[in-house]
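Just so you know, this note's numbering puts the end of the sequence shown at 346, numbered straight through with nothing missing.
Beta carbons: idealized from backbone N, C-alpha and C, even for Gly.
Since the structure is predicted, the reported quantities are computational estimates derived from the model, not experimental observations.
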Amino acid sequence: MKRKQMTLASVALAAVLGTGIGSAALAGGFNKPVVEGAVTTPATTPAPRANWNGFYAGAQLGYGQTDGGIVDDEGVVGGLQAGYLRDLGSFVAGGELAYSGANLDDDTGEINGVTDLKLIGGVPNGQWLYYGALGASYVDADFAGVGYSDVLPFVGLGAKYAVNEQWAVGGELGYRIGNGFDGTG
Numbered sequence: 162m163k164r165k166q167m168t169l170a171s172v173a174l175a176a177v178l179g180t181g182i183g184s185a186a187l188a189g190g191f192n193k194p195v196v197e198g199a200v201t202t203p204a205t206t207p208a209p210r211a212n213w214n215g216f217y218a219g220a221q222l223g224y225g226q227t228d229g230g231i232v233d234d235e236g237v238v239g240g241l242q243a244g245y246l247r248d249l250g251s252f253v254a255g256g257e258l259a260y261s262g263a264n265l266d267d268d269t270g271e272i273n274g275v276t277d278l279k280l281i282g283g284v285p286n287g288q289w290l291y292y293g294a295l296g297a298s299y300v301d302a303d304f305a306g307v308g309y310s311d312v313l314p315f316v317g318l319g320a321k322y323a324v325n326e327q328w329a330v331g332g333e334l335g336y337r338i339g340n341g342f343d344g345t346g
């Protein structure tokens, strides 16, 4: 019988202790454990990039300078341009036709106008397009009262900035060399 008493006493002791510990655990009430969420960083939005795809037309105003030969002068030139660009994502390619009227003259001759046909290739960067151009220029000139014309190679570097979806402004530095212009030497 002793064994039963001990067992009964042990069970009674365990019940009393269990009730005391359980009461202490529930004294503050049950709080659901807080689980911290995963730390996320906000996705970065890439800077907006202009779409250079499509036809365009515009006006140009610039400065021209001749260096010896038939005419040795400098002054204002201006005209119209039209072209098409194809935006390929990381590269833009296209072509342009431009006419610049000029009144570059000295005592012996004058440059009347320049028509350019060029291929354009460039790299877009946000709202900017940085490009190079290769082509040909048809130059119309007068020398000592006689009309001359010639086709000269053209090379240029430029940049355009897209102000919005319909307007862009830019600048281009073009170079033409005409040794022996229209057989004049």
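| Asked | Found |
| --- | --- |
| Reduced DSSP secondary structure (H/G/I, E/B, other) of Phe-342 | helix |
| Cβ neighbours of Ala-297 in the same chain (closer than 8 Å, five flanking residues each side left out) | Asp-277, Leu-278, Lys-279, Val-312, Leu-313, Pro-314, Phe-315 |
| Residue range of the unbroken beta strand (DSSP E) whose run includes Ser-106 | Given a span of 162 to 346 for the chain in the structure shown, any question on residue 106 remains unanswerable. |
| Nearest candidate by alpha-carbon position, reference Gln-221, set Gly-339, Arg-337, Gly-332 | Gly-332 |
| Supposed close pair Gly-244, Gly-256 - CB separation, criterion 8 Å | 6 Å |
| Arg-337 - containing beta strand (DSSP E), residue span | 329-337 |
| Candidates Gly-339, Ile-338, Ala-329: closest to Ala-217 by CA position | This sequence places Tyr at residue 217; Ala is not what is there. Out of Gly-339, Ile-338, Ala-329, Ala-329 has the C-alpha closest to the C-alpha of Tyr-217. |
| Neighbourhood of Lys-321 by C-beta, 6 Å cutoff - its chain only, sequence neighbours within 5 removed | Leu-290, Ala-329, Gly-331 |
| Per-residue DSSP class, three states only, for Lys-321 | strand |
| Beta bridge counterpart(s) of Lys-193 as assigned by DSSP | According to DSSP, which records beta bridges pairwise, Lys-193 is partnered with nothing at all. |
| Cutoff 7 Å: Glu-235 Cβ touching any chain D Cβ | The structure shown contains no chain D; it is built from a single protein chain. |
| When Gly-274, Asn-212, Thr-201 are compared against Gly-287, the one with the closest alpha-carbon | Asn-212 |
| For Trp-213, the residue or residues it bridges with in DSSP | For Trp-213, which the question treats as bridged, DSSP gives no partner whatsoever. |
| Reduced DSSP secondary structure (H/G/I, E/B, other) of Val-200 | coil |
| Sheet register partners of Ala-263 (DSSP bridge) | Val-238 |
| Member of Leu-265, Gln-327, Gly-274, Asn-340 whose CA lies at the smallest distance from the CA of Asp-233 | Leu-265 |
| Own chain partners of Val-195 with C-beta closer than 8 Å, once the 5 adjacent residues on each side are dropped | none |
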